[in-house]
Amino acid sequence: MSIKRCLIFCLSLLVMQSLHAAGVNRVFVTNEKSDNITVINSKTLKVETTIPIGDRPRGIHLSPDRSELYVAIGNENVIKVVDPETLKILRQFHAGSDPEDFAVHPNGEIYISNEDAAKASVFNPKTGRKLTEIDVGLEPEGVAISPDGKFVVVTSESSSLLHVIKVPENTIIKNIIVGARPRSAIFNSDGTLVYASSEIGGEIQKVDMKSLKIIDSVKLTSDSAKPKDLRLSKDEKTLYVAGGRANSVFVLDAENMKVLKEIPVGKRVWGLAMNRDKSRLFTTDGVTGTVSVIDTSDNKVIKTIKVGKFPWGVVVDD
Amino acid sequence: MLKHIHDADRHLARLVVIFLFCFSGAALADQHVVRFAYAGKTDTAAYNGVKLGLAEANLQGKFLGYSFAIDAYSPAQAGKLDPTKYVAILSTLDSNGLRALAARINGVAILNLTDKDDALRKECITDMFHIIPSHAMERDAVMQWQKKHPDSRVRATAWDPRFVKYAGRDLNKRYRAKYNKKMDELAWAGWAGARMVADVIVRGTPAEPAQVLDFLKTKLAFDGQKGLDMSFRVTGQLRQPLLLVENGKLLNAEAPVRGVVDPDDYDSLGIAGCSK
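In order, the protein sequence lines correspond to chains A and B.
Numbered per numbering that gives the first Met the number 0, the first sequence spans residues 0 to 317.
Numbered per numbering that gives the first Met the number 0, the second sequence spans residues 0 to 275.
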């Protein structure tokens, strides 16, 4: 009798675990100026609810097992931890000065840029303990981590630098000067390449991670393009770039860096996120206050969803 | 006897090693310090801006193996400035002082940080660059705005401590944190001049005046934290948007004024060509 109960209990735990690992089918968006998070159902693409989160939320990311949602609250100097299912704020921890964006390492640790302190900090989100600080350039913003966890890239906006940091030493092994105001960076899946966007001058750079050198770059021709987030398609042959005040997502051939298409979205598009199978790309259109949903099979917008004021970051848990 | 000689040799060898180490250390230190000259008064907002720019250049330079230093010459000492030590000269001298400097110095960039004289631009003085907008640019900015708002009492400026667009908020914060003062347009010009020359060097330009000149004239794409990458036009004037202040309030609009001209037509402000 007790064995049966035990088996049922264990089985349901397993099912719950796999359900959780499968995600809660939600898209989470931080609204920088309405101090809340919009929760969108990733299947119906309808807004489920809005949760107040704190003063100036920006970066938002999931833990590797997707059991926790982390949100950087700039004006409170904390990261708040949210349960993606119950939407309850579980806890928070001090995350250095003016936390803006961050990335979650495969080992669960958080690497965060402290915009007004010229530092990047590393935190254990379970304990809230700061593990180390790394001196970087002026106004660090973007943080990207290689899928194997061996390298972290931090962009220093006002020093026009890409810092390459080796893990677990957490020391800088190379500094690369890039186009003015580098904002975001991403790795490809095998960690051999990094793509980085520079806002002023609208440049996208491709960095070879073996030589730690820029091997290609392109200048987006639209004068108003101030690129920010980047995402790679499933086959990594296409690079999507949020075009800022060009109000469109640029679609580039990732190999030769040529612009193939521009997808018009809302105004001042900064944030990008993809669902798990990369069939959909979500954008945050800051000035319009919307999220645009793009079908990546034909690179067309299939829906525009009204969210809060100045949506900034977006993450998909499906 | 042999032991005695052996000790002496070792002592000598040690001295030689120490001497070489110190000498090479000193030589290396000199090699990597890139020097600017500054000609003008130092108890000014513009020089505060220069110092902030220099500090930020050194933060950036630290990661790339460069360090920057500045030697200041008062207006009275400007005639003694030896250009051979410097990659560029930043100046807050007035237009007469600038002309005098340019007359005796060849082949080194002179950055006019603060003088708005239109004649300086029209003269297209060789190797002179103007960071602050000219009076003509300010007049054109006001004229453009008044085409849309005829009764407006507006003035144009290169910078305002309340400017928060693009990365303006960050720069104003940094200046305020360092000096506990508001950053005005002269401070901005000083900051921009220092950051600009350093930017040329850290992007790989050899620290030689001729190379710096060439980069400033042909390759510059400088982030002045006003939302665009800036370059110089043929008159030596830095192309840039101007901020607009009406009745003491900073407007949420810049010149070139949208709706009157193409907002990216920076040459619609001021003197576009040389008169000589």
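Beta carbons are placed, not taken as given, at the ideal position from N, Cα and C, and that holds for glycine.
- If only complete runs of 4 or more residues are kept, the region 251-279 of chain A shows no alpha helix (DSSP H) anywhere.
- For Lys-173 of chain A, DSSP records a beta bridge to A:Val-163.
- Taking the C-beta atoms as reference points, Gly-312 of chain A is found no nearer than 8 Å to Gly-243 of chain A.
- For His-129 of chain B, the enclosing beta strand (DSSP E) begins and ends at 127-129.
- For Leu-100 of chain B, the nearest beta carbon of chain A is not closer than 8 Å to its own beta carbon.
- For Ala-71 of chain B, the uninterrupted beta strand (DSSP E) run begins and ends at 66-72, by DSSP.
- In the DSSP secondary-structure assignment, Tyr-110 of chain A is bridged to A:Ala-102, A:Val-121.
- Within its own chain, the residues whose Cβ lies closer than 7 Å to the Cβ of Ser-96 of chain A, once the five positions on either side in sequence are excluded, are Asn-76, Asn-113, Asp-115, Ala-116, listed in chain order.
- Using a CB distance below 8 Å, the part of the region 223-245 of chain B facing chain A consists of Gln-224, Gly-226, Leu-227, Asp-228, ordered along the chain.
- Among the residues of chain B, those whose CB is under 8 Å from the CB of Arg-180 of chain A are Ala-166, Asp-222, following chain order.
- Within its own chain, the residues whose Cβ lies closer than 8 Å to the Cβ of Arg-175 of chain B, once the five positions on either side in sequence are excluded, are Pro-160, Lys-181, Met-182, listed in chain order.
- For a Cβ distance threshold of 7 Å, residue set Asn-174, Ile-176 of chain A lies close to Leu-63 of chain B, ordered along the chain.
- Contact annotation: Glu-261 of chain A and Phe-249 of chain A have beta-carbon atoms nearer than 8 Å.
- Apart from sequence neighbours up to five positions away, the residues of its chain that approach Thr-287 of chain A with a beta-carbon distance below 7 Å are Gly-265, Lys-266, ordered along the chain.
- Contact between Phe-221 of chain B and Asp-213 of chain B does not hold, since their C-beta atoms are separated by about 15 Å, which reaches or exceeds 8 Å.
- Of all residues in the region 159-190 of chain B, only Tyr-165, Ala-166, Asp-169, Leu-170, Lys-172, Arg-173, Ala-176 come within less than 9 Å of chain A when Cβ atoms are compared, listed by chain position.
- Under the 10 Å beta carbon count, Arg-194 of chain B is surrounded by 16 or more other beta carbons and is classified as buried.
- Beta-bridge analysis with DSSP links Leu-268 of chain B to no other residue.
- For Ala-102 of chain B, the uninterrupted alpha helix (DSSP H) run begins and ends at 94-103, by DSSP.
- DSSP links Lys-79 of chain A through a beta bridge to A:Val-70, A:Gln-91.
- When beta bridges are read from the DSSP output, Ile-39 of chain A appears opposite A:Val-26, A:Val-46.
- The secondary-structure analysis by DSSP pairs His-60 of chain A across a beta bridge with A:Tyr-69.
- When the beta-carbon positions are compared, Ser-232 of chain A and Lys-173 of chain A stay at least 8 Å from each other.
- With its beta carbon at least 8 Å from every one in chain A, Leu-53 of chain B lies outside the interface.
- Asp-64 of chain A and Val-23 of chain A have their alpha carbons spaced roughly 12 Å apart.
- For Ala-191 of chain B against Ile-270 of chain B, the beta-carbon gap comes to about 20 Å, at or over 8 Å, which does not count as contact.
- Shown here, Val-201 of chain B sits in a helix according to DSSP, grouped into three states.
- A direct Cα-to-Cα measurement between Tyr-165 of chain B and Trp-187 of chain B gives close to 15 Å.
- With a beta-carbon spacing of about 5 Å, Ala-206 of chain B and Val-86 of chain B fall inside the 8 Å limit used to define contacts.
- Listed in chain order, the non-local C-beta contacts of Trp-144 of chain B below 7 Å within the same chain comprise Ser-151, Val-153, Leu-243, Ala-254, Val-256, local neighbours out to five positions each way being set aside.
- Around Asp-294 of chain A, the same chain offers Ile-301 as residues with beta carbons nearer than 6 Å, after the five sequence neighbours per side are excluded.
- Residue environment for Gln-224 of chain B: buried (at least 16 other C-beta atoms within 10 angstroms of its C-beta).
- By the CB criterion at 8 Å, Val-217 of chain A and Leu-192 of chain A fall outside the cutoff.
- Beta bridge pairing from DSSP links Asp-134 of chain A with A:Lys-118.
- Only buried fits His-162 of chain A, as 16 or more other CB atoms lie within 10 angstroms of its CB.
- In this model, Ile-171 of chain A and Pro-56 of chain A are separated by some 28 Å (Cα to Cα).
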